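A.B. asks: Okay, here's the structure, questions in a sec.
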Amino acid sequence: MGTVEPQVSTAQDAPQAQSIDGFQLVIDALKLNGLDTIYGLPGIPITDLTRRAQAEGMRVLAFRHEQSAGYAASIAGFLTKTPGICLTVSAPGFLNGLNALAHATVNCFPMILISGSSEREIVDLQQGDYEEMDQLAIARPVAKAAFRVLHAEDIGVGIARAIRAAVSGRPGGVYLDLPAKLFAQTIDAAAGRQSLIKVVDPAPKQIPATDAVKRALDLLKGAKKPLIILGKGAAYAQADADVRTLVEKTGIPYLPMSMAKGLLPDTHEQCASAARSFVLPAADVVMLIGARLNWLLSHGKGKTWGGQKFIQIDISPQEADSNVRVDAPLVGDVGSCVSALLAGINAGWPKPPAEWLAAVAEKKKGNVAKMTETLAKNPTPMNFHSALNVVRDIVRDNPDAMFVNEGANALDFTRSIVDMYQPRKRIDVGTWGIMGVGMGYCVAAAVTTKQQVIAIEGDSAFGFSGMEVETICRYDLPVCIVVMNNNGVYKGTDVDPTGRDPAPTVFVKGARYDKLMEAFGGVGVNATTPAELRKGMQEAIRSRKPTLINAVIDETAGTESGRITSLNPSAKKK
Ligand code: ADP
Ligand code: TPW
Ligand code: MG
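The sequence shown begins at 171 in this note's numbering and counts up by one.
Structure below.
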């Protein structure tokens, strides 16, 4: 690709310019819609797009691998309710970004993957173009929608459609295919500007039907042992005050799903997290708010559950009955549904029966006491609990901090031990339990919120995106990564029975991940005790310097697959 002079048609001198090119139209269309950040990785044919976008004041964050850029864009979408933009080159770059596109769709995060592509005529005749691939066809099955723009005058429409598809209804990942030829196409500048669309009301409110609201209220009112489950759809909706009012006005115990933690503080007296395995089978009516009855909730059936009735608030009209009967589906956005429910909950609304609340409180008390005892221990070597006891204090003292979490034991123990206090602070492996989101999430969390970021990473999990510590150092982001180093996947103790190789689950023993951070000018800390970990985290937060703490964890402490051992076919056989 020849270099395109950035001055040719910038916004400032556009009035005199006779023509406008595809590069400029893409940038102008994004900016017109308030999309001012690109997560990507340059190369043919989008290098100049990254340069010119930066020259025009957009934030262009360049990663070391497109997968991390994609995960960053996906979580930026979750955090901001506007589509996160990931920009990649053709075939291999596109494929590297595709995992994140699928992740966005599966998790209902709005994201747009924009990839440059090769010449249509050559791709379609399979004549072997540079990085030839029919990207549109490959993206379609994992995207909520996929579009290609062939003509400069259609760029405005293409971007408008991508935005609407990403954020309206159930959000998801959208693919936008931009062939190399498009970028250098020029059209009349005035006509070009005229062709751009500022999307009006991209995610329209979806008001629930009155009879559906009444049905839900009737069911809820008659419940003897009601329970509310808050999912990441509720967190996404940003209807925080109304959700809290609903929970508090009804007095119903609630369970937050992982990324809904903090929607109400985990220390709230109605929070039933510490009594999860008691309330799920015992409740008689369960109201799901932006949470699906997928594997994370044992599909709403089996011994985890008690054959109860369900109320389900969801923006997707197809979600109800996906696993079990939903007696009162409430289709609409969480904000509209919750406020409609609140309108029907007057002063005379009955609180749940005292026996139910007492039973939940009793279970909680017992489990909290057990956990407090475990956390108070200080074993050598440090284990997950003694390390997480420190993390728990640090998060309590820094409730504004963003919190990234991935791993198996490093995920499951953290989720249950570390309380969250504010909405949308905890971002993690999501619906697929995917490894590799960590560093991309850290970058997006720091960039979109400007807050301190704390990442608790399994040593295996960290490895999937570890090279992005350079990205974190390059942009000097306030990220404190704690690698829970137990020498492997789940544990560091497996051996190859033949004695030839290391076992598939183990890594180099005593690895020093902190030195990776030092290689790029960040701060590295090796912590073998809770006191060292505490000091390292406090210093990272004080300085806001990129920091990686290698937390040395007892390699025998974890369990296979963390809390989901039962999903493991070989473990079942044992
Ligand atoms: P979790 O993993 O926390 O249980 P899921 O990702 O399974 O959450 O479910 C989120 C649900 O929230 C999805 O079914 C999605 O359609 C829904 N959702 C997303 N955004 C909204 C919104 N603004 N209003 C209502 N429902 C929403
Ligand atoms: C993209 C399978 C689930 S959890 C995990 C793997 C490889 C790593 C667990 O080890 P870690 O945590 O992070 O050291 P800990 O504390 O238990 O030792 N590839 C992808 N996603 C998933 N989920 C896997 C593989 C997996
Ligand atoms: Mg590990």
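Idealized CB from N, CA, C, for every residue including glycine.
Computed from a prediction, not measured in an experiment: that's the story for all the values here.
Does the distance between the C-beta of Met552 and the nearest non-hydrogen atom of the ligand TPW fall short of 6 Å?
C.D. replies: no
A.B. asks: Let's test the definition: count the other Cβ atoms within 10 Å of the Cβ of Ala557 and tell me whether it reaches 16, buried, or not, exposed.
C.D. replies: buried
A.B. asks: Where do the ends of the beta strand (DSSP E) carrying Pro396 lie?
C.D. replies: Residues 396-400.
A.B. asks: Under 7 Å, do Ala156 and Lys534 count as touching if we go by C-beta distance?
C.D. replies: Past the edges of the chain, shown from 171 to 744, lies residue 156, and the structure says nothing about it.
A.B. asks: Going by the CB atoms, is the gap between Glu302 and Val312 shorter than 7 Å?
C.D. replies: no
A.B. asks: Taking the CB atoms as reference points, tell me whether Val599 and Cys612 lie closer together than 7 Å.
C.D. replies: Going by C-beta atoms, Val599 is not nearer than 7 Å to Cys612.
A.B. asks: Which one of Lys705, Ala721, Arg594 has the shortest CA to CA distance from Asn696?
C.D. replies: Ala721
A.B. asks: Keeping to the same chain, check which residues put their C-beta closer than 6 Å to that of Ala614; ignore five residues upstream and five downstream.
C.D. replies: Ala242, Ile245, Ala246
A.B. asks: Assuming Ile459 contacts Ile398 under a Cβ cut-off of 8 Å, what Cβ separation, rounded to an integer in Å, is found between them?
C.D. replies: 6 Å
A.B. asks: CB of Ile377 to nearest heavy atom of the ligand SAH: below 6 Å?
C.D. replies: Absence of the ligand SAH is noted for the structure shown, with the ligand ADP, the ligand TPW and the ligand MG being the only ligands found.
A.B. asks: Just how far apart, CA to CA, sit Phe583 and Lys431?
C.D. replies: 14 Å
A.B. asks: Mapping the DSSP letters down to three states, classify Lys479 as helix, strand or coil.
C.D. replies: Correct three-state label for Lys479: strand.
A.B. asks: In three-state terms, what does DSSP make of Ala557?
C.D. replies: Correct three-state label for Ala557: helix.
A.B. asks: Please report the residue range of the alpha helix (DSSP H) in which Cys643 lies.
C.D. replies: 639-644
A.B. asks: Which one of Ile308, Asp454, Ile325, Glu627 has the shortest CA to CA distance from Asn655?
C.D. replies: Glu627
A.B. asks: Provide the residue span of the alpha helix (DSSP H) that contains Asn277, from first to last.
C.D. replies: Looking at the DSSP string, the run of the alpha helix (DSSP H) that includes Asn277 is 261-277.
A.B. asks: Assuming the contact rule is C-beta atoms closer than 8 Å, Pro212 and Ala232 should be a hit. Round their C-beta distance to whole Å, please.
C.D. replies: 6 Å
A.B. asks: Determine the DSSP secondary structure at Tyr611, reduced to helix, strand or coil.
C.D. replies: In this structure, Tyr611 counts as helix in the three-state DSSP scheme.
A.B. asks: Start and end of the beta strand (DSSP E) containing Ser189?
C.D. replies: Counting along the chain, the beta strand (DSSP E) containing Ser189 begins and ends at 189-191.
A.B. asks: Rounded to whole angstroms, what is the Cα-Cα separation between Glu175 and Pro716?
C.D. replies: Low per-residue confidence applies at Glu175: pLDDT is 44, beneath 50, and the placement is therefore not dependable, though the value from the model is reported in the following sentence. Note on geometry: alpha-carbon atoms of Glu175 and Pro716 lie some 35 Å from one another.
A.B. asks: Following a CB-centred definition, is Asn575 positioned closer than 6 Å to any heavy atom of the ligand MG?
C.D. replies: no
A.B. asks: For Ser288, name the three-state secondary structure that DSSP assigns.
C.D. replies: Note: Ser288 maps to coil in three-state DSSP.
A.B. asks: Rounded to whole angstroms, what's the CA-CA distance from Ile737 to Thr474? Just pull it up for me.
C.D. replies: For the record, residue 737 in the displayed sequence is Leu; it is not Ile. Between Leu737 and Thr474, the C-alpha separation is close to 14 Å.
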